[in-house]
Every structure is written in structure tokens, then in C-alpha cells.
Ligand SMILES: O=C1C[C@@](O)(C(=O)O)C[C@@H](O)[C@@H]1O
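Okay, here's the thing in C-alpha cells:
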């Protein structure tokens with residue numbers, strides 16, 4: 001039986017959502033993000049375990065744990081998107097379906113943000129839709145899990 005639980009991972013600096021560069025990231029907070037994802041998941045009968053950390057190893061440990069009791073991962077890796085082979089390896093290692101989400105349109109920003117180490121291990125990509133993008137990332141991941 002599929003475990004009806006998602007892991008929501010927010011990487012470095014996303015604890016500052018709401019005050020961090022609002023012209024780029026908007027005014028909604030991390031608490032708003034977690035509430036949005038929980039609401040979207042609950043509507044489909046899924047629980048959410050939410051984690052934000054500024055520490056790569058903490059994110060990796062949480063991803064490893066998820067293989068025991070989650071059926072998919074929604075992740076905004078923050079700047080680790082563009083640098084982290086180890087985060088990518090953790091995601092491919094646990095072999096859970098992944099939704100990658102970015103609040104800003106990384107492809108329209110600096111060239112160093114154009115490459116994602118996570119992109120080809122993710123089945124869902126939501127980029128540049130602001131905080132509401134977390135809802136569509138969650139819904140599209142659930143649709144994938146349910147074979148829709
Ligand atoms: O921290 C972040 C946030 C981000 O992942 C986004 O959500 O738009 C984009 C990254 O380039 C940046 O380092």
C-alpha cells in the first residue's frame with residue numbers, strides 16, 4: 001500500500017521567505033508555503049512532513065528517512081539546486097518521485113542559476129510561479145503518484 005505522506009523540503013535561505021528580496025520572492029512566508037502544501041495534500045488524503053534547513057546534511061538525512069514512510073518529495077533546494085551533487089544523489093538514491101519547485105524564474109536570472117542538478121531526477125518541475133507554484137507542484141506530484 002502506498003504511504004499517503006509527502007516530504008516537503010525547503011533548502012537554505014528559504015526560512016527568510018517573506019522578507020528576503022521580496023521583489024524576487026514575494027511577501028509570503030515559509031509558514032504560508034507549508035500551509036499551502038498541507039492544504040493541497042490533505043485535499044487528496046495525503047499528510048505532509050515539512051522541513052527547512054540551511055544545512056545540506058540535515059536535508060540529506062531527512063530525504064533518506066523519507067524512504068521509510070513517504071511516497072514522494074516536494075523540494076525547493078534553494079541555491080543547492082545549482083551546486084549540490086550530494087543532494088541530487090540523495091534524491092536519486094531513495095528513488096521516490098520528486099517535484100522540484102522554484103519560486104522565482106531561475107531561467108530568467110543569472111546564468112549560474114540556469115543549471116539544476118535536481119532537474120533530471122524530478123518528475124515534476126514548477127519554476128517561476130511564485131509561492132502558488134508549491135500548490136501545483138504538490139498536485140502534480142500526487143497526480144503522478146496516483147497514475148493520473
Ligand atoms: O534560494 C533560492 C531560491 C530558488 O530556489 C527559488 O525558489 O526561486 C532559486 C535559487 O536560485 C535560489 O538560490
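Residue numbers (the UniProt record's numbering): 1 to 148. Backbone N, C-alpha and C define an ideal beta-carbon position, used for all residues, glycine too.
Starting from the Cα of residue i, find the closest Cα among the options and give me that residue.
i: residue 131; options: 72, 145, 5, 22; result: 22
i: residue 92; options: 141, 42, 117, 26; result: 117
i: residue 11; options: 106, 102, 40, 78; result: 78
i: residue 54; options: 80, 45, 140, 43; result: 80
i: residue 26; options: 111, 148, 44, 102; result: 102
Using 8 Å as the threshold, is the C-beta distance between residue i and residue j below it?
i: residue 125; j: residue 100; result: yes
i: residue 86; j: residue 65; result: no
i: residue 47; j: residue 113; result: no
i: residue 14; j: residue 76; result: yes
i: residue 82; j: residue 115; result: yes
i: residue 84; j: residue 24; result: no
i: residue 73; j: residue 59; result: no
i: residue 17; j: residue 34; result: no
Pull up the DSSP beta-bridge partners for residue i, would you.
i: residue 50; result: 8
i: residue 72; result: 6
i: residue 101; result: 126
Here's a check: name, in chain order, each residue in its chain whose Cβ is nearer than 7 Å to the Cβ of residue i, leaving out the five neighbours to either side.
i: residue 62; result: 7, 9, 51
i: residue 149; result: Shown here, the chain extends from 1 to 148; a query on residue 149 therefore has no answer.
i: residue 136; result: 126, 129
i: residue 88; result: 117, 118, 121
i: residue 20; result: 13
i: residue 94; result: 63, 64, 66, 67
i: residue 159; result: Outside the shown range of the chain, which is 1 to 148, sits residue 159, and nothing can be said about it.
In chain order, what residues of the same chain have a beta carbon less than 6 Å from the beta carbon of residue i, not counting five sequence neighbours either side?
i: residue 36; result: 134, 135
i: residue 38; result: 48
i: residue 122; result: 98, 100
i: residue 140; result: 124
Within a Cβ cutoff of 8 Å, which residues of the same chain sit near residue i, ignoring the five residues on either side of it in sequence?
i: residue 41; result: 6, 47, 48, 138, 142
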